[in-house]
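Remarks on the structure that follows.
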Amino acid sequence: MAITVQHKALDCNRQIEALRARARGLGALVSFTGYVRDLGLTTTGVSELFLEHYPGMTEKSLEAIVAAARQRWQLLDVEVVHRVGSIAAGEPIVLVGVASLHRQEAFEACACIMDQLKTCAPFWKREQSRDGARWVDARESDAQAAARWL
Amino acid sequence: MIRLQYFARYREQLGLEGESLPWLPTLTDLRAVRELLVSRGALWEQTLGQANLMCARNQELCSLDEPLCDGDDIAFFPPVTGG
Numbered sequence: 142m143a144i145t146v147q148h149k150a151l152d153c154n155r156q157i158e159a160l161r162a163r164a165r166g167l168g169a170l171v172s173f174t175g176y177v178r179d180l181g182l183t184t185t186g187v188s189e190l191f192l193e194h195y196p197g198m199t200e201k202s203l204e205a206i207v208a209a210a211r212q213r214w215q216l217l218d219v220e221v222v223h224r225v226g227s228i229a230a231g232e233p234i235v236l237v238g239v240a241s242l243h244r245q246e247a248f249e250a251c252a253c254i255m256d257q258l259k260t261c262a263p264f265w266k267r268e269q270s271r272d273g274a275r276w277v278d279a280r281e282s283d284a285q286a287a288a289r290w291l
Numbered sequence: 002m003i004r005l006q007y008f009a010r011y012r013e014q015l016g017l018e019g020e021s022l023p024w025l026p027t028l029t030d031l032r033a034v035r036e037l038l039v040s041r042g043a044l045w046e047q048t049l050g051q052a053n054l055m056c057a058r059n060q061e062l063c064s065l066d067e068p069l070c071d072g073d074d075i076a077f078f079p080p081v082t083g084g
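In order, the protein sequences belong to chains A and B.
Residues in the first sequence are numbered consecutively from 142, following the working numbering.
Residues in the second sequence are numbered consecutively from 2, following the working numbering.
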């Protein structure tokens, strides 16, 4: 498994290809990519997102989330890459890739890892717009999504 | 000694990334640490008194009931918003 927290831009194709190459004998690969929404550009003037994290704990937390998924589903390999620092609208923030023998495990594990990441991993988003900076509020729907895996 | 860290909105509001506190036997759990910090004044109460505050002990998420030991690394932060 590979877990990376990085400042540089995500190269999603390269990461997915690395996962595919590691997961020998795979029958399924499911990946999720999260992007900085461009939607706000015209209405609120969001020009950039800043991702703060808790170095050390972030990596440990992602490792624990992936380890729990591997206990629950039979997975061949997992790739998680999360960006931190300044990210422009339209750019990817996070990539979760899961390889397994059959599709069901890969679909479920990928969704579970994302849901846990959103509620347990120590990252915080701050939106930068013309009017200044604003910390993004956590959403109750994310907590509900994570709770369905309990 | 216990090490405290504050993140995101809390760090900005308090104007402080972190600090060290001498360990006391009365600081039995994270709730006791929070109470001590909140008693510093209105700014601290408005920030760390939030009902949805999250915390970690030695880089693992925990509840306020988590026991505290001398040498622990404690963090207080608002609900996480990654992904």
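Ideal placement from N, C-alpha and C gives every residue a C-beta, glycine not left out.
Fair warning: this is a prediction, and the values are worked out from it, not measured in the lab.
Over what stretch of residues does the alpha helix (DSSP H) that includes residue i continue unbroken?
i	result
D179/A	Premise fails: D179/A is in no alpha helix (DSSP H) and is neither H nor E.
Y11/B	9-15
R41/B	That residue, R41/B, is in no alpha helix (DSSP H); it is neither H nor E in DSSP.
A162/A	153-163
L258/A	244-261
E200/A	198-213
D283/A	281-288
Per DSSP, which one or two residues make a beta bridge with residue i?
i	result
A57/B	L62/B, A76/B
W265/A	E193/A
L31/B	Looking at the DSSP assignment, L31/B forms no beta bridge with any residue, so it has no partner.
S172/A	G238/A
A229/A	E189/A
P26/B	Partner(s): none; P26/B has no beta bridge.
Q6/B	G19/B, A76/B
Rounded to a whole number of angstroms, what is the C-alpha to C-alpha distance between residue i and residue j?
i	j	result
C261/A	V81/B	7 Å
A240/A	V207/A	12 Å
Q153/A	T174/A	According to the sequence displayed, residue 153/A carries Cys and not Gln. Using only the alpha carbons, I get a separation of about 8 Å.
I3/B	A76/B	10 Å
A284/A	V237/A	19 Å
K149/A	V277/A	22 Å
G273/A	V177/A	17 Å
H194/A	S172/A	23 Å
A230/A	D179/A	5 Å
P79/B	Q257/A	16 Å
P263/A	G166/A	34 Å
A52/B	R35/B	12 Å
E18/B	Q6/B	6 Å
L37/B	A287/A	32 Å
S227/A	R155/A	21 Å
L160/A	L217/A	10 Å
C56/B	S64/B	7 Å
E67/B	N59/B	11 Å
W24/B	T145/A	35 Å
L242/A	Q212/A	15 Å
A279/A	T27/B	33 Å
L192/A	V225/A	5 Å
G16/B	S40/B	17 Å
E232/A	G197/A	24 Å
Residue i lies in the beta strand (DSSP E); which residues open and close that run?
i	result
R275/A	273-276
Q147/A	143-147
E220/A	218-224
E20/B	19-22
Applying a beta-carbon distance threshold of less than 8 Å, which residues of chain D neighbour residue i?
i	result
F78/B	The structure shown contains no chain D; its protein chains are A and B.
Exercise for review: Please determine if the region 245-254 of chain A and the region 66-80 of chain B are in contact, where contact requires at least 3 C-beta pairs separated by less than 8 Å.
Suggested key: no
**Study point:** Contact residues within the region 185-200 of chain A, judged by C-beta distance below 8 Å to chain B
**Key:** L192, E193, H194, Y195, G197, M198
Practice item. Name, going along the chain, the residues of the region 245-263 of chain A whose beta-carbon falls closer than 8 Å to a beta-carbon of chain B. Key: M255, L258, K259, T260, C261, A262, P263
Check your understanding: What residues in the region 215-245 of chain A have a beta carbon less than 8 Å from any beta carbon of chain B?
Key -> H223, I234, V235
Point to revise | At least 3 beta-carbon pairs within less than 8 Å: the region 211-229 of chain A vs the region 5-16 of chain B | key: no
Review point. In chain order, what residues of the region 8-29 of chain B put their CB closer than 7 Å to some CB of chain A?
Key: F8, A9, R10
Point to revise | Residues from the region 277-288 of chain A in contact with chain B, defined by Cβ distance under 9 Å | key: V277, D278, A279, R280, D283, A284
Check your understanding: Just by C-beta distance, which residues in the region 30-58 of chain B are closer than 9 Å to chain A?
Key -> N53, M55, A57
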